[in-house]
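Asker:
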Amino acid sequence: MDQSWLTVFPDNIRSLLVKLPPTLFTGLEEVRIREGRPLEVNAGGRYYFLTPEGGLTRDGGAAFIPGKQEGNRLLDLITNHSLYTMEEELRKGFITIGGGHRIGLAGRTVLSGGKVEHLRDISGFNIRIAREVRGIADPLLPQLLDFKHHSVYHTLILSPPQQGKTTLIRDLARQISAGTWGHPEARWPGLKVAIIDERSEIAGSRRGVPSFDVGPRTDVMDGCPKAEGMMMMIRSMSPEVLIVDEIGRAEDAEALAEALHAGVRVIATAHGSSVEELSSRPALSKLFASSFFQMYAVLKRTEQGAAFRLWDGKRRRVQDPGWKGREEHA
Amino acid sequence: MLKMLGAVLVIAAATMAGWLQARQYANRPNQIRKLILALRRLQTEIMYGFTPLPDALVRIGEQSGEPIKSIFHGAAKNMNPPWNRTAQDSLQTAIEEGWRFTAMKAAEKDVLKGLSFNLGTSDRKDQLSHIMAAVHQLESEEACAREEQNRYEKMFKSLGLLCGAFIVILFY
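Protein sequences, first through last, are from chains A and B. Number 330 marks the last residue of the first sequence (UniProt numbering); no jumps. Number 172 marks the last residue of the second sequence (UniProt numbering); no jumps.
#1: DSSP has A/ARG128 in a bridge; who is on the other side?
#2: I need the straight-line Cα distance from A/VAL8 to A/LYS92, nearest angstrom please.
#3: Alpha carbon to alpha carbon, what distance is there between B/GLY120 and A/HIS329?
#4: In angstroms with no decimal places, state the Cα-to-Cα distance between A/PHE293 and A/SER205.
#5: In chain A, which residues lie less than 7 Å from B/ARG124 when you measure between Cβ atoms?
#6: Between A/LEU144 and A/VAL133, which are expected to be in contact by the criterion C-beta below 8 Å, what is the C-beta distance as a whole number of angstroms?
#7: Could you check how far apart the C-beta atoms of A/GLY164 and A/SER177 are, in whole angstroms? I think they sit under 8 Å.
#8: Quick one, are the C-beta atoms of A/ILE243 and A/VAL264 less than 7 Å apart?
#9: If you drop the 5 nearest sequence neighbours on each side, which residues of the same chain put their C-beta closer than 8 Å to that of A/SER273?
#10: Look up A/THR218 in the DSSP assignment and say whether it is helix, strand or coil.
#11: Measure from the C-beta of A/ASP121 to each C-beta in chain B and report whether the shortest distance is under 7 Å.
#12: State the DSSP-derived secondary structure class of A/HIS261, mapped to helix, strand or coil.
#13: Comparing alpha-carbon positions, which option in A/ASP138, A/ILE129, A/ILE33 lies nearest A/GLN69?
#14: What distance in whole Å lies between the Cβ atoms of B/ALA22 and B/GLU153, which are believed to be in contact at a cut-off of 8 Å?
#15: Any C-beta of chain A sitting closer than 7 Å to the C-beta of B/PHE127?
#16: Can you find the residues in the same chain that come closer than 6 Å, C-beta to C-beta, to A/GLU40, ignoring five residues on each side of it along the sequence?
#17: DSSP puts A/LYS300 in a beta bridge; with which residues?
#18: For the 8 Å Cβ check, are there 3 or more pairs between the stretch 111 to 128 of chain A and the stretch 247 to 265 of chain A?
#19: To the nearest angstrom, how far is the alpha carbon of A/ASN72 from that of A/SER238?
#20: Go ahead and pull the three-state DSSP assignment for B/SER64.
#21: If distances are taken between C-alpha atoms only, which option among A/GLN162, A/ALA253, A/ARG301 comes closest to residue 331 of chain A?
#22: In angstroms with no decimal places, state the Cα-to-Cα distance between B/ILE71 and B/GLN149.
#23: Using beta carbons (cut-off 7 Å, strictly below), is B/GLY120 in contact with chain A?
#24: When the cut-off is 7 Å and only beta carbons count, does B/LEU53 lie next to chain A?
#25: For the stretch 99 to 113 of chain A, which residues have a beta carbon sitting closer than 8 Å to at least one beta carbon of chain B?
#26: List the endpoints of the continuous alpha helix (DSSP H) containing A/THR167.
#27: Please report whether the beta-carbon of B/MET79 lies at a distance below 7 Å from any beta-carbon of chain A.
#28: Note the first and the last residue of the continuous alpha helix (DSSP H) segment covering B/TYR152.
#29: For the beta strand (DSSP E) that contains B/SER116, what are its first and last residues?
#30: When you compare each of A/ARG301, A/LEU119, A/GLY179 to A/GLY45 by their alpha carbons, which one comes out closest?
#31: Report the three-state DSSP secondary structure of B/ASN30 (helix, strand or coil).
#32: Smallest Cα separation from B/ALA26: which of B/CYS163, B/SER122, B/ALA103, B/ALA107?
#33: Please check if any C-beta of chain B sits within less than 7 Å of the C-beta of A/ASP76.
#34: Anything in the stretch 19 to 52 of chain B with a Cβ closer than 7 Å to a Cβ of chain A? List those residues in chain order, please.
#35: Taking A/GLY61 as the reference, which of A/LEU83, A/ALA306, A/ASP197, A/PRO38 has the closest Cα?
#36: Quick check: the Cα distance between A/MET295 and A/ALA306, rounded to an integer number of angstroms?
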């Protein structure tokens, strides 16, 4: 397993983390460091505090408490000793480190003209450990195939946060790009894929090069606002499939409509727990009115991995016989 | 004959000592000037290049020449893997290790150490003001150093020779 994320921790915290039970360590999702409060780790949807001896507890009083020094050291290391190169990231509230791991930050904001200009006195860190799960899209991809056009349907993937949307579309990008359709009748080659990776989460790019396998025919526009990135990609990189994470603003919807006219297929994700809920969001309602998406997938994480429910463009539940059996525990 | 040789040796040694001391006085303002130029380059790297601190220090060290080079390179080495030390820690260690090879004095060391507390830990505007403050302090030190050079450089050169001659006369 990639353990590059361990190197950003101060020695004392790192030594606690490596003492974790191996099953917990490999399933680790988040490490939360809050100055003056217990050190927390999250795995499999549960949380634990760490004791100074490396044990697990739920009692905050018995836990290891990171101080100012640990926070400063962590910040120094995740910014490569150069906070000034991260002004844009601080404005957004997170920093992506090598390996695609994202570190969320909380502190005091400095405002300028009512907008967040800078983040200072950073005292809260959330290290989200990114994992590449190859094959997580296997059950979904055959459902999205457009046999008539030898492509994929316009698809919107919905789920609440922390359910694995990003992991899923990363694998979709890889498989679409490689042409591993997972269907016996789908015999066309891989497609040109363009990823607009606003938060550097899908591809985990470092210096413009993806850290994750996103497929051989995939271009990544890293750290780019989605609406602008989509237009740039359509104009310059002639993609066949566009992949974007977390759409939700009016300009995203406009850019998506533009992609439709350009004949580019789009796979996007959005926060939400049902199609109805999302269609009531004002910024996106236009997209729903024009029934832009041909397929909606609602994602839910289960013990075994991910489970999907599918609706088609007219919001009818898709019940595929070959699909149904795998649906709940895919 | 042996006495003569000894006398020559004493005079040569004393002259050399005076000359070395004089060179310290001549080198100090030059090195401060180099340090100021290096900090100005650092400012450019930070403000316009968005260069990460370790890379910037290596690049500037390359351009600055010894003894600044070894301090900057040492600091960058401490910051990078496998050491991964903080910027403050790295810079201070490098200053402690490299300072004895410079002609600069405690005042300049304090300025640079003061800068190490802030380098890399704030936004560009803040970095700019810290670097500028350090540059201004160094400039006033430079002025002092030049004055001292004018006053003492020649004096130490002749003082060495004269001391040698004095000792020889005393013992001859």
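Virtual Cβ for every residue (Gly too), placed ideally from N, Cα, C.
Answerer: Checking against the coordinates, here is how it stands:
#1: DSSP lists A/GLU30, A/ARG102 as the bridge partner or partners of A/ARG128.
#2: Across the structure, A/VAL8 and A/LYS92 are spaced so that their CA atoms are roughly 20 Å apart.
#3: In this prediction, A/HIS329 has a pLDDT of 40, which is less than 50 and means its spatial position is unreliable; what the coordinates show is noted afterwards. Linking A/HIS329 to B/GLY120 through their CA atoms gives a straight-line distance of about 48 Å.
#4: Here the alpha carbon of A/PHE293 sits roughly 28 Å from the alpha carbon of A/SER205.
#5: Chain A residues near B/ARG124: TYR84, GLU87.
#6: That pair is no contact at about 18 Å.
#7: At roughly 20 Å, the Cβ-Cβ gap does not stay under 8 Å, so A/GLY164 and A/SER177 are not in contact.
#8: The answer is no: Cβ separation not under 7 Å.
#9: If we look at A/SER273 and ignore the five residues flanking it on each side, its Cβ neighbours are LEU158, SER159, PRO160, VAL298.
#10: Correct three-state label for A/THR218: strand.
#11: No, A/ASP121 lies away from the interface with chain B (no Cβ there is under 7 Å from its Cβ).
#12: The three-state reading of DSSP puts A/HIS261 in helix, counting H, G and I together.
#13: With distances taken between Cα atoms, A/GLN69 lies closest to A/ILE33.
#14: The pair is a contact, with the Cβ atoms about 5 Å apart (cut-off 8 Å).
#15: A quick correction: the sequence has Gln, not Phe, at residue 127 of chain B. B/GLN127 counts as touching chain A.
#16: Only ARG32, TYR47, PHE49 meet the Cβ criterion.
#17: In the DSSP output, where bridge partners are listed per residue, A/LYS300 has A/ALA307.
#18: Counting Cβ pairs under 8 Å, fewer than three are found: no touch.
#19: Looking at the two C-alpha atoms, the distance is approximately 44 Å.
#20: Three-state result, B/SER64: helix.
#21: This structure cannot settle anything about residue 331 of chain A, because the visible part of chain A is limited to 1 through 330.
#22: One alpha carbon belongs to B/ILE71, the other to B/GLN149, and they sit about 24 Å apart.
#23: So yes, B/GLY120 belongs to the interface.
#24: B/LEU53 belongs to the set of residues whose beta carbon lies under 7 Å from a beta carbon in chain A.
#25: Going along the stretch 99 to 113 of chain A in chain order, one finds no residue with a Cβ nearer than 8 Å to chain B.
#26: For A/THR167, the enclosing alpha helix (DSSP H) has its first and last residue at 165 to 178.
#27: Yes, contact with chain A.
#28: Following the DSSP letters along the chain, one finds B/TYR152 inside the alpha helix (DSSP H) bounded by residues 124 to 171.
#29: The continuous stretches of beta strand (DSSP E) do not include B/SER116, which lies in the alpha helix (DSSP H) extending over residues 106 to 116.
#30: Taking only the C-alpha atoms, the option nearest A/GLY45 is A/ARG301.
#31: Secondary structure at B/ASN30: helix, using DSSP grouped into helix, strand and coil.
#32: When only C-alpha atoms are compared, the closest one is B/ALA103.
#33: Interface residue, yes.
#34: Considering only beta carbons, the part of the stretch 19 to 52 of chain B lying closer than 7 Å to chain A consists of ILE46, PHE50, PRO52, in chain order.
#35: Out of A/LEU83, A/ALA306, A/ASP197, A/PRO38, A/PRO38 has the C-alpha closest to the C-alpha of A/GLY61.
#36: Whole-angstrom Cα-Cα distance: 17 Å.
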